Structure formats: C-alpha cells, structure tokens
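> Whatever position you read off the sequence shown (first residue = 1), add 3 for the working numbering. Before I ask anything, let me first share the structure, which is written out below as structure tokens.
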Amino acid sequence: MLNPKEVIVSITNRCNFKCKMCDISRNRIEELSTSQWQQVIKDIGSYGVQTIVFSGGEPLLREDIFDLISFTKDNSMGACLTSNGCLIDEEVAYKLRQAGVDVVNISVEGPRRIHDYLRGRGGYEKALIALENLRKNQIESTIATMVSRYNYKHLVYIVGLARQYGATTIKFQPFSKIFLNNRDGRDYFLFSDREISETEQIINRIISLCNDYAIATNPHSYLERIPFYLGRKYIDSNNACIALENSCPINSNGDIYPCWVRAEKDTLMGNLKENRFLNIWDSPRHRAIIEKIRKEGCPGCMMSCYDENFGRETIERRIVMNVRRLHKKGMREYARGIFKKWARRLRFYSSYRGSLKGIINRARVSLRKKNSVKVILTQKEIDNAIKEIEHIKKILKEELERSR
C-alpha cells in the first residue's frame, strides 16, 4: 500500500451548532484520550504522513486540541483545523498560532441570512470574526462551503469574502447525504433541472473570479460537475479514487475506514486502541477492502478529498485562458499577476505542508520504507536546497511588493 499523504481525524462528534445539513453531533461515540491520540499521532508521523486534519463535530470543543496540534508539529507534520469559527476569538486564535497550526478551514455558506438559516443564529458574524482573528495572527485560512439548493445563488459572494478576509483557498463541496440521518430531508438540498443550468453559469463565474483574484479552489472539472451531481445525474468515478490510498479517515473512537462514504461495519479496517496505525494500514484486510471497493465500483461521492481525481486542467484550456488574460491586462500586469499568484501559492504550500526540512525528512522516512528505492540526501544537499528555496521566495516577495 502507498503511504497516505493526509490523515483526517474526526476528533469529536460534539458540536455547538445543529446544522440543517449535518447530524454528526447526534451520533455520539467515545473519544480517545489525549495520551492515546498522542501515541496515534506519533505513529502516523513515523509513517511519513504529511498532514493531519483535525475535524469534527467542532474540534475546538476538545480542551486538548492545542496540545494535539503542537504535538503534531513536533512530529514533523502539518496541522490543519476545520471549524465553524464560532469559538475562534482573539485568545483562541493566539493559542492556535502558538500551537503552530498551519491552516484553519472556516465554514461559510453564504450571506448572513443564508448562513444563519443553515447553521444557526449568530454563526455568520462569528465566522467572519474568526477569519479576521486568524488574519491578525497570520494564520492561513480557507473558506469551506457546502453547495446546495439553499445557497447556490450566493457562491460568488463567498469568493468576495475570501478576497476581503485574505483566505488563500475556497473549498466548494456539494451537499452529501452521509452527514444527514433523516433520509426524507435529503432531497431538499438537491437541484431541479433549472437550478442545474443556473449553477453552471455561476460556477463559470467563480472559476473566472478565483483566477483573477489568485484564490485557489477545487479543480475546474470538479466544480463543473457539482451541478449535475446535485441534480442526481450520474458521476463516473472510474473506480480509481486516489483518496482510498492518499487519505485516511479516523473517527473519535479510533476506528479507521477506507473513506467516510464507505464507513460501514464490513469496511472497518481496525481500531487504534487495539492495534498500531502502521499495522492496520499495511494489513491484508486493508488491501482486501480496497480491492473489493474497486471491483464493486464507487458511486463518486464528490467529497473534497475526491476532487483530486479530476486532476489538472487540460493544456489547451490553460493556453486559451492565459492568452485571454494577457490580451486583457497587457504583458506587465499579466507578469505581475503570475508572480503574485505563485507567491500566495508558495505561502500556502509552506504553511500547509510545513517547512522544507520537514518535507525532506518525511520524504526520507517514506523512501526508507520502499526497498526498491534508495535515496540518500547529505546535509550539504539539504542546506543547498533550503538556500535555493529561500532565494526563490525572496524574488517572489520582491515582485509581490512591486505589484501592490
């Protein structure tokens, strides 16, 4: 099996809101203790994982979350937090910075009326306060939006918020039935044929604005399929979801599944109270479960971890879009835009994946596990690589300052 790049930990099912599209907080299960999670994190780090995402429920309801984030960083991994933002006041933002969190995802569903209807009164204002407090503490922020019939007309508004509050990324994900226990209520989030057509135009507008504002988002081909997915149209997964090997979900009880959508009794890979992470991930049972899923076929869930299946945009489309921008802005403004875009991407990547030393150390751990590959990096090579990246960052910073 390949080493997972990312481990997504649903650290608690507890939440301070009762959102209309999520019943996770109603499904209370046991939570691992601080010491148990620290052992799990240590094992994950030794396996060469790049990032741990702390999710929920609302992960900030765990008093030890700052210690767990700090422990993750001590084990040479990136730490990401997913939150509704309601608990991120100035003090909490400062604690997150001190703990070393790399990225915080804040859920925003649209303007105040839409957001508060879906998530609860007062949630919108607190989410914006959270974004501002994160910016003050120089913490990278991402806006996460669940697309549905309730908010599709306001997705362009989300792009404006990201630009206003300095969020580097927007993650759009269509409503997923797996978070809702009430089967009868699921259809209310889905699209009619008319709404599919309307959303197609909105998605095109989003793609254009994100390009103009240098805001990262999902692959374009993923975004373009969202309206059809919500309209109950067939989405072909090609039985090749790379999230099955690149990502690993763990619930608060320590259960490991192949993915959140296939979190069922017959796909339970193991429990971390009973076995070590590496033993579960490398087990014959894990391989058998993955092979079974590939054989039976996957429904194409459109979860955010699944969007990488849609890959990079075609060369032809990139050329056309870049020619249009060049013609519209002129060479000088076009070049400045490119430098600005890559400077923001570099900052985002550095914060999300950690320092270059951390990246190289994880790569060395990963490569040592593969008998067929032997790569030895000397300290001099590492130092030269760090000098090179610092030189590139300096050039990009200078160009970014000139473009302001």
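Glycine included, each C-beta is placed from N, C-alpha and C at the ideal position. This one's a predicted model, so the numbers in the text were calculated from it and none came from an experiment.
Are Phe-57 and Ile-68 closer than 8 angstroms when you measure CB to CB?
Yes. Within cutoff.
> At the level of alpha carbons, what is the spacing between Ala-246 and Gln-53?
One C-alpha to the other measures close to 14 angstroms.
> From Arg-116 to Leu-134, what distance separates their C-alpha atoms?
Using only the alpha carbons, I get a separation of about 18 angstroms.
> Rounded to whole angstroms, what's the CA-CA distance from Ser-179 to Asn-185? Just pull it up for me.
Rounded to the nearest angstrom, the two C-alpha atoms are 12 angstroms apart.
> Taking contact to mean 3 or more Cβ pairs, one atom from each stretch, closer than 8 angstroms, check whether the segment 140-160 and the segment 111-127 are in contact.
Output reads yes: the segment 111-127 touches the segment 140-160.
> Once the 5 residues before and after Glu-93 are set aside, which same chain residues still bring their CB inside 7 angstroms of it?
Asn-136.
> Ordered along the chain, which non-local residues of its own chain (more than five positions away) have a Cβ less than 7 angstroms from that of Asp-310?
Closer than 7 angstroms at Cβ, skipping near neighbours: Asn-221, Pro-222 and Tyr-225.
> Using the beta-carbon count (16 or more within 10 Å), is Ala-291 buried or exposed?
Answer is exposed; the Cβ neighbour count stays below 16.
> So, with DSSP's three-state summary, where would you put Arg-321?
Low local confidence applies: a pLDDT of 48 at Arg-321 is under 50, so the model's placement there is unreliable, with the coordinate-based value given in what follows. Correct three-state label for Arg-321: helix.
> Quick check on DSSP: helix, strand or coil for Ala-102?
Here Ala-102 sits in helix by DSSP.
> Tell me which residue opens and which closes the alpha helix (DSSP H) that Gln-204 is part of.
Note, Gln-204: alpha helix (DSSP H), 196-216.
> For Ile-422, which residues does DSSP report across the bridge?
A question about residue 422 goes unanswered here, because the residues of the chain that appear run from 4 up to 407.
> What residue range does the alpha helix (DSSP H) around Ala-82 cover?
That residue, Ala-82, is in no alpha helix (DSSP H); its beta strand (DSSP E) goes 81-86.
> What did DSSP end up calling Asn-246 once you bin it into helix, strand or coil?
According to the sequence provided, residue 246 is Ala. The question's Asn does not apply to it. Helix.
> Is the segment 258-270 close to the segment 282-302, with three or more CB pairs under 8 angstroms?
They touch, by the three-pair rule.
> Rounded to whole angstroms, what is the Cα-Cα separation between Cys-83 and Arg-235?
Using only the alpha carbons, I get a separation of about 32 angstroms.
> Going by DSSP in three states, Cys-308 sits in which element: helix, strand or coil?
DSSP places Cys-308 in helix when its eight states are reduced to three.
> Going by C-alpha to C-alpha distance, which of Thr-75, Lys-23 and Gly-169 sits closest to Asn-154?
The residue with the shortest Cα to Cα distance from Asn-154 is Lys-23.
> Using DSSP bridges, identify the partner residues of Cys-251.
Answer is Val-10, bridged to Cys-251.
> Taking DSSP's pairing of strands, which residues face Ala-147 in a bridge?
DSSP, once it has assigned bridges, lists Ser-110 and Lys-174 as partnering Ala-147.
> Tell me whether Arg-152 counts as near the ligand COA, meaning its Cβ is closer than 7 angstroms to at least one heavy atom of that ligand.
Among the ligands in the structure shown, none appear at all, so the ligand COA cannot be discussed.
> Relative to the C-alpha of Thr-202, which candidate in Pro-252, Phe-231 and Arg-100 has its C-alpha closest?
Residue Phe-231 is the option with its Cα nearest to Thr-202.
> For Val-56, does the three-state DSSP call read helix, strand or coil?
Three-state DSSP puts Val-56 in a strand.
> Got a sec? Which residues, its chain only, sit under 7 angstroms from Asp-258 by beta carbon, not counting five neighbours each side?
The answer, listed in chain order, is Leu-271 and Asn-274.
> If you reduce the DSSP assignment to three classes, tell me which class Asp-269 lands in.
Here Asp-269 sits in helix by DSSP.
> Could you tell me if Ile-161 is buried or exposed, where buried requires 16 or more neighbouring beta carbons within 10 angstroms of its beta carbon?
Burial call: buried.
> On the criterion of 16 or more Cβ atoms from any shown chain inside 10 Å, does Asn-87 qualify as buried, or is it exposed?
Asn-87 is buried by the Cβ-count criterion.
> Who are the Cβ neighbours of Ser-73 in its own chain at under 7 angstroms, not counting the five residues just before and after it?
So the qualifying residues of the chain are Ala-102 and Gly-103.
> In whole angstroms, what separates the C-alpha of Lys-8 from that of Gly-51?
Lys-8 and Gly-51: Cα-Cα distance of roughly 8 angstroms.
> Going by DSSP in three states, Lys-372 sits in which element: helix, strand or coil?
Low confidence applies to Lys-372: its pLDDT is 48, below 50, so where it sits in the model is not reliable, and the reading given next is rough at best. The answer is coil: DSSP assigns Lys-372 none of H, G, I, E or B.
> How would you write the range of the alpha helix (DSSP H) that Pro-287 sits in, first residue to last?
Where Pro-287 is concerned, the enclosing alpha helix (DSSP H) stretches over 287-299.
> Going by CA-CA distance only, name the one from Met-305, Ile-32, Ser-144 and Ile-229 that's closest to Ala-165.
When only C-alpha atoms are compared, the closest one is Ser-144.
> Check whether the Cβ atoms of Leu-487 and Pro-177 sit closer than 8 angstroms, and answer yes or no.
A question about residue 487 goes unanswered here, because the residues of the chain that appear run from 4 up to 407.
> Would the beta-carbon of Leu-35 fall within 8 angstroms of that of Ser-250?
Against a cut-off of 8 angstroms, the Cβ pair of Ser-250 and Leu-35 comes out as no contact.
> Could you give the distance in angstroms between the alpha-carbon of Asn-16 and the alpha-carbon of Asn-30?
Roughly 7 angstroms between the two C-alpha positions.
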